[in-house]
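Take a look at the structure set out below.
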């Protein structure tokens with residue numbers, strides 16, 4: 006009798022495990038993983054059109070989910086957009102099946118899968134490849150918020166969210182654009198010639214403590230200071246190009262040497278950080294006279310730099326911190342005396358070594374600006390350019 010009970014117990018356990026095992030096998034059979042898809046940055050991809058295995062299923066029966074929305078987004082209709090380099094998966098669930106779409110996103114493609122603009126600004130859609138923007142048919146999902154020209158130039162009109170789409174013969178690209186109301190009085194704090202171990206960390210701490218974002222026009226970092234460039238990006242600041250070198254004799258020797266000075270640093274930053282820089286500032290500014298050893302070079306370069314795909318910025322407020330005899334007090338006074346309401350104030354400062362006067366003045370400058378109705382912002386690729394008069 007006891008043996009019969011044991012046998013019955015064993016058979017029952019075996020039946021339970023059999024049911025569980027069969028259920029697992031059936032569940033796995035319903036889960037289908039497809040071949041990995043590779044997308045370019047910003048590329049849009051319609052799962053329902055591209056994947057024959059599910060295209061005949063009623064959309065109402067499906068749900069779409071991204072395992073990492075920072076890398077790939079998917080809407081309710083199954084349109085995937087590549088947002089950042091990396092790997093993620095799209096899960097498409099029906100009543101009886103789950104489809105898994107692995108996606109790899111390259112760092113090459115359109116550089117604006119997302120963008121933020123102020124009303125009234127313009128932004129040119131750009132690729133970090135040799136792709137011609139004019140090959141695509143551009144459209145806006147809401148022209149009242151932002152319109153886009155045939156050449157891919159976006160004009161922000163009023164606050165809101167809009168999708169800018171470029172449709173090509175083989176690929177389509179999308180930009181999720183946020184338009185914000187433009188403040189009347191803006192301060193763009195800009196720092197040249199860094200990064201440096203002595204100055205940059207202290208400036209970053211002050212900016213973080215005061216919840217202010219800035220723009221850094223950098224010289225090529227040393228291996229030992231590249232971490233500061235990455236910290237600038239992690240803290241939400243704007244990275245921009247000052248040049249591979251600051252040697253006036255070398256960089257202003259010819260148009261080609263200056264282009265190399267920009268392209269080499271842009272490509273270096275892209276390789277090391279994945280950020281493709283468009284904004285730049287001439288060492289000495291576009292009005293410099295140190296380039297007069299090469300007569301007319303600045304007149305040529307100020308015309309060529311935009312043709313090469315860059316936007317260059319001078320300044321309309323100087324801190325004077327490049328001078329030898331400046332103090333924290335004099336830097337502070339120089340900045341606040343140069344600020345003007347109802348305009349975009351681009352403040353020139355430096356974060357290279359031996360700029361203690363800049364560190365001493367920065368907190369006071371920020372407090373003055375906030376107390377007097379100014380809004381501190383980092384530059385973006387849609388910020389209006391400000392140019393000096395060319396003197397060479």
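Residue numbers (our numbering): 6 to 397. A virtual CB, placed ideally from N, CA and C, is assigned to each residue, including glycine.
Residue i: first and last residue of the uninterrupted beta strand (DSSP E) it sits in
| i | result |
| --- | --- |
| residue 92 | 91-98 |
| residue 354 | 349-355 |
| residue 107 | 103-114 |
| residue 272 | No beta strand (DSSP E) holds residue 272; the alpha helix (DSSP H) holding it covers 260-278. |
| residue 119 | 119-123 |
| residue 171 | 165-172 |
| residue 157 | From DSSP, residue 157 is part of no beta strand (DSSP E); its letter is neither H nor E. |
| residue 248 | 243-248 |
| residue 50 | 48-51 |
| residue 179 | 177-185 |
| residue 324 | No beta strand (DSSP E) holds residue 324; DSSP gives it neither H nor E. |
| residue 145 | 142-145 |
| residue 39 | Where residue 39 is concerned, there is no enclosing beta strand (DSSP E), given that its DSSP letter is neither H nor E. |
Nearest-angstrom Cα separation, counted from residue j out to residue i
| i | j | result |
| --- | --- | --- |
| residue 385 | residue 182 | 13 Å |
| residue 226 | residue 124 | 34 Å |
| residue 79 | residue 229 | 40 Å |
| residue 204 | residue 126 | 33 Å |
| residue 288 | residue 267 | 11 Å |
| residue 81 | residue 70 | 9 Å |
| residue 120 | residue 180 | 7 Å |
| residue 117 | residue 89 | 10 Å |
| residue 381 | residue 187 | 12 Å |
| residue 27 | residue 67 | With a pLDDT of only 40 at residue 27, under 50, the local geometry of the prediction cannot be trusted, and no value is derived from it. |
| residue 327 | residue 282 | 25 Å |
| residue 362 | residue 332 | 5 Å |
| residue 293 | residue 389 | 21 Å |
| residue 213 | residue 239 | 11 Å |
| residue 143 | residue 154 | 7 Å |
| residue 369 | residue 231 | 28 Å |
| residue 218 | residue 54 | 42 Å |
| residue 307 | residue 75 | 37 Å |
| residue 146 | residue 200 | 40 Å |
| residue 275 | residue 192 | 27 Å |
| residue 152 | residue 164 | 13 Å |
| residue 397 | residue 259 | 13 Å |
Supposed contact pair residue j and residue i - C-beta distance, whole angstroms, cut 8 Å
| i | j | result |
| --- | --- | --- |
| residue 95 | residue 84 | Their Cβ separation, rounded to whole angstroms, is 11 Å, which puts residue 95 and residue 84 out of contact at 8 Å. |
| residue 168 | residue 177 | Not quite, the Cβ-Cβ distance comes to about 11 Å (not below 8 Å), so this is no contact. |
| residue 373 | residue 341 | 5 Å |
| residue 323 | residue 353 | 5 Å |
| residue 93 | residue 73 | 4 Å |
| residue 184 | residue 122 | 5 Å |
| residue 364 | residue 207 | 5 Å |
| residue 250 | residue 379 | The Cβ separation is near 34 Å, so there is no contact. |
| residue 196 | residue 356 | 4 Å |
| residue 319 | residue 393 | 4 Å |
Spatially closest choice to residue i from the options, by CA coordinates
| i | options | result |
| --- | --- | --- |
| residue 210 | 237, 193, 232 | 237 |
| residue 279 | 112, 97, 87, 92 | 112 |
| residue 298 | 44, 104, 255 | 255 |
| residue 252 | 179, 110, 198, 354 | 198 |
| residue 285 | 305, 296, 264 | 264 |
| residue 141 | 172, 44, 308 | 172 |
| residue 343 | 121, 51, 325 | 325 |
| residue 51 | 363, 294, 77, 320 | 77 |
| residue 305 | 262, 270, 212 | 262 |
| residue 391 | 365, 291, 303 | 291 |
| residue 270 | 234, 377, 242, 296 | 234 |
| residue 139 | 218, 316, 146, 129 | 129 |
| residue 301 | 359, 192, 315, 257 | 257 |
| residue 149 | 242, 166, 273 | 166 |
| residue 194 | 321, 396, 75, 312 | 321 |
| residue 375 | 215, 303, 91, 309 | 215 |
| residue 103 | 147, 37, 46, 54 | 37 |
| residue 337 | 371, 273, 131 | 371 |
| residue 329 | 359, 309, 313 | 359 |
| residue 296 | 395, 312, 339 | 395 |
| residue 91 | 45, 311, 272 | 45 |
Opening and closing residue of the alpha helix (DSSP H) in which residue i lies
| i | result |
| --- | --- |
| residue 373 | 361-376 |
| residue 153 | Looking at the DSSP string, residue 153 is not in any alpha helix (DSSP H); the run it does join, the beta strand (DSSP E), is 151-153. |
| residue 128 | Here residue 128 belongs to no alpha helix (DSSP H); instead the beta strand (DSSP E) covers 127-129. |
| residue 309 | 302-312 |
| residue 230 | Neither: residue 230 is in no alpha helix (DSSP H) and is coded neither H nor E. |
| residue 255 | 253-256 |
| residue 197 | Careful: residue 197 lies outside any alpha helix (DSSP H), inside the beta strand (DSSP E) at 191-197. |
Residue-chain proximity (residue i, chain B), Cβ-Cβ < 7 Å
| i | result |
| --- | --- |
| residue 106 | Absence of chain B from the displayed structure is noted, only one protein chain being present. |
Residue i Cβ short of 6 Å to the ligand ADP heavy atom set
| i | result |
| --- | --- |
| residue 326 | Ligands are entirely absent from the displayed structure, and the ligand ADP is therefore not among its contents. |
Touch check for the region 244-263 and the region 209-224: three-plus C-beta pairs under 8 Å? yes
Counting pairs of Cβ atoms below 8 Å between the region 155-165 and the region 337-350, do you hit three or more? no
Validate contact between the region 96-107 and the region 129-146 using beta carbons, cut 8 Å, 3 pairs: no
Evaluate contact between the region 34-49 and the region 101-120, counting only Cβ atoms and requiring at least three cross-stretch pairs below 8 Å. yes
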